[in-house]
Ligand code: ADP
Ligand code: MG
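Numbering (the working numbering), first residue to last: 28 to 684.
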């Protein structure tokens with residue numbers, strides 16, 4: 028793996044910005060794929076309407092004029108002669124181009140047509156005429172580095188890179204795939220749509236092939252492994268269940284039973300526990316940890332975020348005061364961490380709860396018998412592999428609130444066992460979902476006030492902007508200020524976003540839980556698992572920007588007690604997704620609909636990393652390809668019979684020549 032530091036022409040600052048995007052190696056860089064392409068194709072200007080998006084080229088007629096509104100804000104205008112007509116073109120904040128643009132120069136302009144003034148308000152401008160359609164790759168970018176710059180950096184190195192191709196030669200031949208190096212070049216600089224498709228086909232297949240090979244490999248190694256034998260008296264578990272402040276639902280009991288059977292059988296457990304948000308998976312996982320403890324083993328519970336890990340830790344410690352439970356956070360003081368690790372290694376800790384810090388190399392267990400991962404789709408296959416290898420052959424339980432439609436689950440997980448919790452606990456009220464437009468914001472504020480008067484709490488979620496963290500942050504800050512203005516006098520308002528440190532996040536969450544903070548303004552950080560029963564309303568701005576499952580997860584933050592609860596979706600567009608959401612509270616239905624409507628990328632949330640997060644393939648669109656890759660990989664693994672291939676595959680190799 029070549030560190031980006033060793034690549035010439037990438038300055039220190041740029042390096043840091045790339046690192047922030049998760050790009051650390053040369054391989055990361057060249058496989059940082061565009062998430063879409065803009066195609067610049069000349070618009071037929073004889074047939075345009077006011078407000079249309081247009082692409083046109085022509086000759087610049089004059090020296091551009093620049094008007095400064097302020098130091099930072101300016102407007103440049105020029106006249107563009109297309110050969111048939113002359114248009115006035117304006118563009119904002121490009122004063123720096125003034126001296127580069129001269130009369131008689133060819134220009135390509137991308138923007139909006141304004142019929143009344145026969146002008147174009149340009150969003151982009153390129154030097155030269157557009158001789159043939161141009162395909163511009165668009166990358167996810169952040170604060171400091173934009174898509175264009177990323178493209179430049181990649182273009183600089185791409186010709187010199189040679190990357191390992193994981194597809195065996197005979198399969199490359201069978202499908203007539205182009206070489207991987209060529210595919211990478213094309214994916215970042217396609218000349219036409221046809222070659223772009225060939226490049227995508229190659230890279231998608233490779234990604235799915237590697238994924239399926241890993242899955243199949245892990246599965247086959249599971250089968251060989253014999254699980255732990257345990258003897259646990261079920262009456263102890265019954266007693267515990269009977270002493271809970273609530274009675275468990277039928278599905279919860281069934282899941283516990285499934286798990287008990289698995290744990291006490293000599294086979295290794297490999298089970299997925301699926302259940303809608305708020306269906307009560309956590310308590311099931313605690314009981315599983317208890318069974319494991321009673322049989323004399325340590326257990327580990329891995330959560331996707333620190334907030335969630337802390338929540339689980341507190342809850343479990345409350346329910347099991349006699350158990351020694353450890354909390355392994357990313358940012359423990361060196362001494363605390365050392366002590367905790369020592370206790371773990373000595374077997375003084377019965378259950379450890381943490382984030383993926385649990386799978387760090389230095390974490391050793393004395394006798395790990397059960398590993399549970401919450402929100403399992405957020406973790407990668409290889410990460411889970413690591414965890415498993417820490418102990419003898421621990422039993423495995425995965426939990427997920429995003430149910431995967433059964434066919435897909437079976438394809439991906441094959442022989443994994445599945446327990447479903449289909450009902451939410453009794454007494455849980457349906458969350459009333461209300462659609463409002465931005466114009467109706469006053470109504471929304473009144474509804475919020477009503478809830479506050481009742482002493483309830485409210486989540487406010489800022490619009491999500493996938494392409495830019497900067498805008499994300501601006502949005503959440505702006506919303507916070509609005510809320511301050513509206514409610515600052517009557518209650519405390521907290522803010523939560525990804526740029527805060529963990530301890531800042533923890534302290535806000537704590538205040539919200541304790542009811543000191545009444546309104547929590549946040550990005551989707553709260554999406555996963557957070558449980559504050561007194562929160563009865565969630566207000567989601569620009570709801571159309573979120574995927575269906577993400578919205579459903581967010582909605583699941585409320586409706587956690589006997590009070591009426593509300594989810595207010597603010598959106599000026601009424602989409603099919605939002606209608607589905609107002610129509611049903613059933614997560615299984617929603618996930619099916621989501622799968623029908625959109626690709627897997629959206630189903631599992633664009634920003635999530637983990638199994639389902641493919642860089643280029645899409646589970647839904649490429650489902651046929653996945654099936655092919657699955658069969659091919661199984662056949663290949665049978666032939667290969669060696670770990671070498673897998674080891675190579677997990678290791679990334681690329682070189683500069
Ligand atoms: P999820 O499945 O989304 O992880 P949780 O396990 O966080 O859901 O459960 C949500 C809330 O419901 C928790 O406060 C939990 O204590 C409560 N709960 C779980 N099971 C029941 C039940 N059978 N009856 C009443 N409340 C329950
Ligand atoms: Mg949960």
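Ideal Cβ placement from N, Cα and C applies to all residues, glycine included.
Measure from the alpha carbon of residue i to the alpha carbon of each residue in the options, then state which is nearest.
| i | options | result |
| --- | --- | --- |
| residue 96 | 114, 119, 282 | 119 |
| residue 516 | 505, 525, 490, 546 | 546 |
| residue 160 | 124, 192, 220 | 220 |
| residue 84 | 364, 281, 298, 135 | 135 |
| residue 189 | 57, 67, 471, 606 | 57 |
| residue 22 | 667, 343, 234, 79 | Residue coverage of the chain in this structure runs from 28 to 684, which leaves residue 22 outside it and unanswerable. |
| residue 478 | 565, 53, 388, 378 | 565 |
| residue 353 | 111, 172, 385 | 385 |
| residue 225 | 236, 239, 205 | 205 |
| residue 393 | 429, 147, 372, 387 | 372 |
| residue 88 | 463, 109, 400, 72 | 109 |
| residue 259 | 76, 288, 594, 344 | 288 |
Compute the Euclidean distance between the alpha carbons of residue i and residue j, then round it to the nearest angstrom.
| i | j | result |
| --- | --- | --- |
| residue 468 | residue 603 | 22 Å |
| residue 451 | residue 424 | 20 Å |
| residue 598 | residue 465 | 6 Å |
| residue 707 | residue 584 | Because the chain spans 28 through 684 in this model, residue 707 falls outside it and cannot be assessed. |
| residue 536 | residue 510 | 18 Å |
| residue 102 | residue 151 | 13 Å |
| residue 374 | residue 351 | 10 Å |
| residue 284 | residue 311 | 10 Å |
| residue 558 | residue 309 | 11 Å |
| residue 65 | residue 299 | 40 Å |
| residue 587 | residue 567 | 18 Å |
| residue 522 | residue 211 | 41 Å |
| residue 314 | residue 579 | 26 Å |
| residue 35 | residue 106 | 41 Å |
| residue 1 | residue 80 | Missing from the structure shown is residue 1; the chain here goes from 28 to 684 and no further. |
| residue 520 | residue 303 | 29 Å |
| residue 182 | residue 133 | 24 Å |
| residue 395 | residue 326 | 6 Å |
| residue 167 | residue 62 | 7 Å |
| residue 98 | residue 128 | 21 Å |
| residue 162 | residue 655 | 30 Å |
| residue 449 | residue 201 | 44 Å |
| residue 366 | residue 421 | 24 Å |
| residue 346 | residue 60 | 47 Å |
| residue 264 | residue 453 | 22 Å |
| residue 49 | residue 172 | 13 Å |
| residue 337 | residue 611 | 31 Å |
| residue 377 | residue 391 | 13 Å |
Quick one: using the 10 Å Cβ neighbour count with 16 as the cut-off for buried, is residue i buried or exposed?
| i | result |
| --- | --- |
| residue 475 | buried |
| residue 144 | exposed |
| residue 178 | buried |
| residue 632 | Its pLDDT being 33, under 50, residue 632 is placed unreliably in this model, and the value from its coordinates should be taken loosely. By the 10 Å Cβ count, residue 632 comes out buried. |
| residue 301 | buried |
| residue 657 | buried |
| residue 620 | buried |
| residue 382 | buried |
| residue 123 | exposed |
| residue 369 | exposed |
| residue 39 | exposed |
| residue 197 | exposed |
| residue 706 | The displayed coordinates of the chain run from 28 to 684. Any statement about residue 706 would go beyond what the structure contains. |
Give a yes or no on whether 9 Å exceeds the smallest Cβ distance from residue i to chain D.
| i | result |
| --- | --- |
| residue 58 | You won't find chain D in this structure, because it holds only one protein chain. |
At a threshold of 8 Å, does residue i count as lining ligand 1 (C-beta to nearest heavy atom)?
| i | result |
| --- | --- |
| residue 452 | yes |
| residue 344 | no |
| residue 304 | yes |
| residue 308 | yes |
| residue 257 | no |
| residue 372 | no |
| residue 587 | yes |
| residue 369 | no |
| residue 179 | no |
| residue 583 | yes |
| residue 275 | yes |
| residue 690 | Residue 690 is absent from the model: the chain starts at 28 and stops at 684. |
| residue 295 | no |
| residue 560 | yes |
| residue 569 | no |
| residue 325 | no |
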